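Engineer: Every letter in the sequence shown is one number past the one before it in numbering that gives the first Met the number 0, and letter 173, counting from 1, is 172.
For glycine and all other residues, C-beta sits at the position ideal for the given N, C-alpha and C.
Remember, it's a predicted structure, so these values are computed and weren't measured experimentally.
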Amino acid sequence: MPKTDITIVGVGSIGAAIVQKWLEKGFTVTMWNRNPNRPWLKDLANSGAVLEHDLRAAVANSDAILLSVAAYSNITELFSCILPFEKASPQRPSSTSQREPLSKLVRWRLGLKPKALRKHSSIWLSGETEATFSRVSNIMSPLGKLHYVAEDPGAACLWDIAALAAMDGMLTGGLLAMNLLKHQRAVENGKSPSVENPIRKIVIPLLSSFLPFLGDIAAALDDEDWGRNFCNPVSMQLKGFETILEGLRQEKVSIEGLQLFHDLLLRTKREKGDDAGLALMGMYMLEE
């Protein structure tokens, strides 16, 4: 069997979208999936991809391997008998001297859903030099915007988790807002008012306008400038936030999802005073 440009291990919904994009760009692809009977695998094979049932053969059929799996434990399970690699994590960068050519892992993330591939997706790369990644950029670039982070394999993992944690924090607040909006009074015909309408017209624009402020807070954190408050000191934030909490209580909506932020505001005011900014809160959740 002739070698292909890349092998993908794990062809679920995202993996299938990746293979389709590669085929559209003229790349040759070998696929391996734990369940080889998924209907989309046959469709991709009919489009030109090679479906290999043996993992060792699939890995050997390309010089570049992409692991499209849900968790690091899946990688260990699948490859422990094939490749002697170390697993990279935010706290455990791999030793460069111990990595073998086939055991170099690239941390990457795809944004949004498979159908949004390339348009809204990002890929964070770390683990080798930027020059090393430039050699595979032509294969990866059809999947999304590439961002080289560092040689430390754990660096991209940190960036990845940070982005996803911020996204999930936004979702937590958004879902709380939806719970509150369900308390709107019924209109004349007895039908509940729309939740989608205020979310799209008010909540999303507000969030979008606020996002650059995160960068300002991060800059103050880098500079350890705890007094940089951007004309919005912690005491003012605390008063406004407690008004929000009281409104939620009156509407009988749980404030549990916001309690941590309230605690951090109180601690910042207690330790740095009324005029402090929020940057120090970027360190309060670090565990010893």
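Check for me: the beta strand (DSSP E) holding K144 runs from which residue to which?
Structural biologist: For the purposes of this step, residue 144 is taken as residue 145 along the sequence shown, with counting starting at 1. Its beta strand (DSSP E) spans residues K144 to A149.
Engineer: Going by DSSP in three states, T128 sits in which element: helix, strand or coil?
Structural biologist: Looking up residue 128 in the sequence shown gives position 129. Of the three classes helix, strand and coil, the one that applies to T128 here is coil, per DSSP.
Engineer: May I ask you to list the residues that DSSP assigns as paired with L65?
Structural biologist: Stepping through the sequence shown from its first residue, residue 65 is reached at position 66. Looking at the DSSP assignment, L65 forms a beta bridge with I7.
Engineer: Buried or exposed for T363, please, with buried defined as at least 16 other CB atoms from any protein chain shown within 10 angstroms of its CB.
Structural biologist: Coverage of the chain is limited to positions 0 through 287, which leaves residue 363 absent and any answer about it impossible.
Engineer: So what does DSSP say about M30, is it helix, strand or coil?
Structural biologist: Here residue 30 is taken as the residue at index 31 of the sequence shown, counted from 1. Of the three classes helix, strand and coil, the one that applies to M30 here is strand, per DSSP.
Engineer: Helix, strand or coil for W123, going by three-state DSSP, please let me know.
Structural biologist: On the sequence shown, residue 123 is found 124 positions in, with the first residue counted as 1. Looking at W123 - three-state DSSP - the assignment turns out to be strand.
Engineer: Where does L289 sit, in a helix, a strand or coil, going by DSSP?
Structural biologist: Here the chain has residues from 0 to 287 only, and residue 289 is not among them.
Engineer: So which of F260, K181, D215 and F132 has the shortest CA-CA distance to N252?
Structural biologist: The count along the sequence shown starts at 1 and reaches residue 252 at position 253. The amino acid at residue 252 is misidentified as Asn; the sequence shows Val. Of F260, K181, D215 and F132, the residue nearest in Cα terms is K181.
Engineer: Could you tell me the boundaries of the alpha helix (DSSP H) in which V18 lies?
Structural biologist: For this step, residue 18 is matched to residue 19 along the sequence shown. Unbroken alpha helix (DSSP H) run through V18: S12 to E23.
Engineer: Which of helix, strand or coil does DSSP assign to L210?
Structural biologist: Counting from 1 along the sequence shown, the entry for residue 210 is found at position 211. Helix.
Engineer: Give every residue of the same chain whose Cβ lies closer than 6 Å to the Cβ of G256, excluding the five residues on either side of it in the sequence, and list them in chain order.
Structural biologist: Within the sequence shown, numbered from 1, the residue matching residue 256 stands at position 257. Around G256: T171 and L175.
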